[in-house]
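A.B. asks:
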Amino acid sequence: MKKILIANRGEIAVRIMKTCREMGIGTVAVASEVDMAAKHARMADEVVCIGPAPAIESYLRAEAIIEAAKSTGADGIHPGFGFLSENAEFAKAVRAAGLVFIGPQAEVIELMGSKQASKREMIRAGVPVVPGYNGDKQDPEHLSEQAESIGFPLLIKASAGGGGKGMRIVHAADRFLEELEAAKREATAAFGDDTVLLEKYLTRPRHIEFQVFGDEHGNLVHLFERECSIQRRHQKILEETPSTAMTPELRGRMAEAAVAAAGCVSYTNAGTVEFMLDEDGSFYFLEMNTRLQVEHPITEMLTGQDLVRWQIEVARGNPLPLRQEEISGRGHSMEVRIYAEDPANGFLPQTGTIVGYHEPQGLDVRVDSGVAQGDEISIYYDPMIAKLVVRGADRRTVCEKLRNALAEYGIHGVRTNIAFLLAILEEPHFLKGETRTDYLAEHFADYRADDGLIDQALALTALGASGRKANSREGGVAFNDPWSSLPAWRGTK
Numbered sequence: 001m002k003k004i005l006i007a008n009r010g011e012i013a014v015r016i017m018k019t020c021r022e023m024g025i026g027t028v029a030v031a032s033e034v035d036m037a038a039k040h041a042r043m044a045d046e047v048v049c050i051g052p053a054p055a056i057e058s059y060l061r062a063e064a065i066i067e068a069a070k071s072t073g074a075d076g077i078h079p080g081f082g083f084l085s086e087n088a089e090f091a092k093a094v095r096a097a098g099l100v101f102i103g104p105q106a107e108v109i110e111l112m113g114s115k116q117a118s119k120r121e122m123i124r125a126g127v128p129v130v131p132g133y134n135g136d137k138q139d140p141e142h143l144s145e146q147a148e149s150i151g152f153p154l155l156i157k158a159s160a161g162g163g164g165k166g167m168r169i170v171h172a173a174d175r176f177l178e179e180l181e182a183a184k185r186e187a188t189a190a191f192g193d194d195t196v197l198l199e200k201y202l203t204r205p206r207h208i209e210f211q212v213f214g215d216e217h218g219n220l221v222h223l224f225e226r227e228c229s230i231q232r233r234h235q236k237i238l239e240e241t242p243s244t245a246m247t248p249e250l251r252g253r254m255a256e257a258a259v260a261a262a263g264c265v266s267y268t269n270a271g272t273v274e275f276m277l278d279e280d281g282s283f284y285f286l287e288m289n290t291r292l293q294v295e296h297p298i299t300e301m302l303t304g305q306d307l308v309r310w311q312i313e314v315a316r317g318n319p320l321p322l323r324q325e326e327i328s329g330r331g332h333s334m335e336v337r338i339y340a341e342d343p344a345n346g347f348l349p350q351t352g353t354i355v356g357y358h359e360p361q362g363l364d365v366r367v368d369s370g371v372a373q374g375d376e377i378s379i380y381y382d383p384m385i386a387k388l389v390v391r392g393a394d395r396r397t398v399c400e401k402l403r404n405a406l407a408e409y410g411i412h413g414v415r416t417n418i419a420f421l422l423a424i425l426e427e428p429h430f431l432k433g434e435t436r437t438d439y440l441a442e443h444f445a446d447y448r449a450d451d452g453l454i455d456q457a458l459a460l461t462a463l464g465a466s467g468r469k470a471n472s473r474e475g476g477v478a479f480n481d482p483w484s485s486l487p488a489w490r491g492t493k
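Take the sequence shown: its position 107, counting from 1, is numbered 107 in UniProt numbering, and each next residue is one higher.
#1: Any idea what DSSP makes of Thr241, helix, strand or coil?
#2: Counting C-beta neighbours from all protein chains within 10 Å, is the total for Ile169 16 or more, i.e. buried, or is it exposed?
#3: Could you tell me whether the Cβ atoms of Met334 and Leu421 are closer together than 8 Å?
#4: Mind checking who Pro349 pairs with in its DSSP beta bridge?
#5: Within 10 angstroms of the Cβ of Gln361, are there 16 or more other Cβ atoms? Answer buried if so, exposed if not.
#6: I'd like to know if Leu220 contacts chain C, where contact means its C-beta is closer than 8 Å to some C-beta of that chain.
#7: Would you kindly check if the distance between the Cβ of Tyr133 and the Cβ of Leu198 is under 8 Å?
#8: Report the partner residues of Asn269 according to the DSSP bridge assignment.
#9: Measuring only the C-alpha atoms, how far is Glu295 from Glu86?
#10: To test your reading of the DSSP string, which unbroken alpha helix (DSSP H) runs of 4 or more residues are found completely within the stretch 130-195?
#11: Go ahead and label Glu121 buried or exposed: buried means 16 or more other beta carbons lie within 10 angstroms of its beta carbon, across all protein chains shown.
#12: Mark Gln373 as exposed unless 16 or more other C-beta atoms lie within 10 angstroms of its C-beta, in which case mark it buried.
#13: Around the C-beta of Thr247, are 16 or more other C-beta atoms found within 10 angstroms, so that it is buried, or is it exposed?
#14: Over what stretch of residues does the beta strand (DSSP E) that includes Ile411 continue unbroken?
#15: Under 8 Å between the Cβ atoms of Val34 and Ala7?
#16: Output yes or no for whether 8 Å exceeds the beta carbon distance between Ala31 and Arg9.
#17: For Cys20, which residues in the same chain have their Cβ closer than 7 Å to its Cβ, ignoring the five residues on either side in sequence?
#18: Can you grab the Cα-Cα spacing for the pair Leu183 / Arg323, in whole Å?
#19: Do you know how far the Cα of Gly304 is from the Cα of Gly329?
#20: Within the continuous alpha helix (DSSP H) that includes Thr435, where are the two ends?
#21: Measure how close the beta-carbons of residue 511 and Gly356 come, nearest whole angstrom, since I'm counting them as under 8 Å.
#22: Taking only three categories from DSSP, how would you classify Asn404?
#23: Confirm, please, whether the CB-CB distance from Glu225 to Met254 is below 8 Å.
#24: In this structure, what does DSSP give as the bridge partners for Glu287?
#25: Along the chain, where does the alpha helix (DSSP H) containing Arg95 start, and where does it finish?
#26: From Asn471 to Ala97, what does the alpha carbon distance come to, in whole angstroms?
#27: Taking Val47 as the reference, give the member of Ile56, Ala55, Glu57, Glu67 with the closest Cα.
#28: Could you tell me if Arg436 is buried or exposed, where buried requires 16 or more neighbouring beta carbons within 10 angstroms of its beta carbon?
#29: In whole angstroms, what separates the C-alpha of Ser378 from that of Leu143?
#30: Of the choices Ile12, Gln211, Asn269, Ala270, whose alpha-carbon is the least far from that of Pro242?
#31: List the residues that DSSP assigns as beta-bridge partners of Gly26.
#32: Do Ile156 and Val196 come within 8 Å of each other at the CB atom, strictly closer than that value?
#33: Count the other CB atoms, across all protein chains shown, that sit within 10 Å of the CB of Leu440; report buried if there are 16 or more and exposed otherwise.
#34: In whole angstroms, what is the alpha-carbon distance linking Glu474 and Arg403?
#35: My guess is that Ala315 and Thr416 are in contact by the Cβ rule of under 8 Å, so how many angstroms apart are they, rounded?
#36: I need the DSSP call for Ser282, collapsed to helix, strand or coil.
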């Protein structure tokens, strides 16, 4: 492949382009009408407009994306994550058009995209699964009987879905039918399929996932675990590796199960096997994501490997770059997601122009961003601005480094969740590694922005900018950042 089209936008498109540049591969961006001046469009070698702002009229138009690839002479398409990345029909159409799809086989995407079918496959492979019901009989009376058999609390989950859509926790039998109707209604709206499965609800589990990789030569490896337990409405906010709950023996058992899960479907390219880890050390298969994950940078920081490069090499038909015994981890890594949202106001998404923007710097500090100063956060797409990733010798060092990096991060023009993330990093239970999926509900249910943390972040950012400005003057280098280019201002609370 000498030219790749990235069928995505924002920080993931920018991230993929960086690896393509290092490999000498040309890049094609696709952009909606409102994204034609966005960072990913500016960075690409070529950009093709694929429709109006709404995603369904642009980024979800498979035929327009494939036509853009053919018209620009691209050899392959990288789907990134989100949008069409786990759409089996899109993968089939890409390959039918004579292009390389940089991802797993279409039939595997389809199989693992169904929570029902994938769970059955895992049972056949001997991978532990959460006790529950995943049959085809979907009438309310039968599901109610199955629920009584499983016991409460239990989880209703849309078979075709993800991201928390079509998911309900039911604590008592008298609430089951009402929650079932709501889950099916939401599943139909989101996925066009109201099929659900029922699972025993684990009250205080951890969410642990394993990065796996396969090639066309039968090689399959894992690149260790990531803990993703800190979530809000089933959306991850902070991820780290290694997990504080892991022992060498437990890691070995879970890694073996992850590789078995991928092996039973002859998996190729990047994938993630997700588990729920119970307090007693039992773990259960949750789902498999057949794509690169948002949180893949912490694995890259831990192992020193470029997973996008691995994806491209596998898609070219090459064997995996390393054997299992050659893969090792170093230190600890953590990632937080920077969102344009107001945590003190129900995490309401924010829109507007980023009038000032400064990313933190430092050894083993990485920012994967999809924006720059002057860019617009619109109503049409996910409000994630960037991912801030750090690595250090141990978890304590990483927490300290991440706090300092967040304090240095300057984003002005829209509210962000930076103060909220700082509050998590100061919370005693988090610092002790006591993170489970109920962590935010338990410790931040009534969160209100800490004005002291906001002031501290603003002060540290201003101080850092002042120092950089002085250094730039002394070195004769033009200094251009929001602190020097904006008119007089004052922070608001």
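Glycine included, every Cβ here is placed at the ideal spot set by N, Cα and C.
C.D. replies: The answer reads as follows:
#1: strand
#2: exposed
#3: Not a contact, by the Cβ cut-off of 8 Å.
#4: Glu341
#5: exposed
#6: This model lacks chain C altogether; it includes just one protein chain.
#7: yes
#8: Gly214
#9: 16 Å
#10: 140-150, 176-191
#11: buried
#12: Burial call: buried.
#13: exposed
#14: 410-412
#15: no
#16: It is a contact, given that the beta carbons lie within the stated cut-off.
#17: Ile4, Thr27
#18: Before going on, a small fix: residue 183 reads as Ala here, not Leu. C-alpha separation (whole angstroms): 43 Å.
#19: Annotation: Gly329 to Gly304 spans about 8 Å, alpha carbon to alpha carbon.
#20: It is not in any alpha helix (DSSP H) - Thr435 carries neither H nor E in the DSSP assignment.
#21: Residue 511 cannot be examined here, being either before or after the span of the chain that is shown, 1 to 493.
#22: helix
#23: yes
#24: Note: Glu287 sits in a beta bridge opposite Glu274.
#25: 88-96 is the span of the alpha helix (DSSP H), which, as asked, contains Arg95.
#26: For Asn471, the pLDDT reaches just 45, beneath the cut-off of 50, and the residue's location in the model is therefore unreliable, leaving the point undetermined.
#27: Glu67
#28: buried
#29: 41 Å
#30: Gln211
#31: Lys3
#32: yes
#33: Around the C-beta of Leu440, 16 or more other C-beta atoms lie within 10 Å, and the residue is accordingly described as buried.
#34: Bear in mind that the predicted position of Glu474 carries a pLDDT of just 39, short of 50, making it too unreliable to give a figure here.
#35: Wrong, their Cβ atoms sit about 35 Å apart, outside the cutoff.
#36: coil
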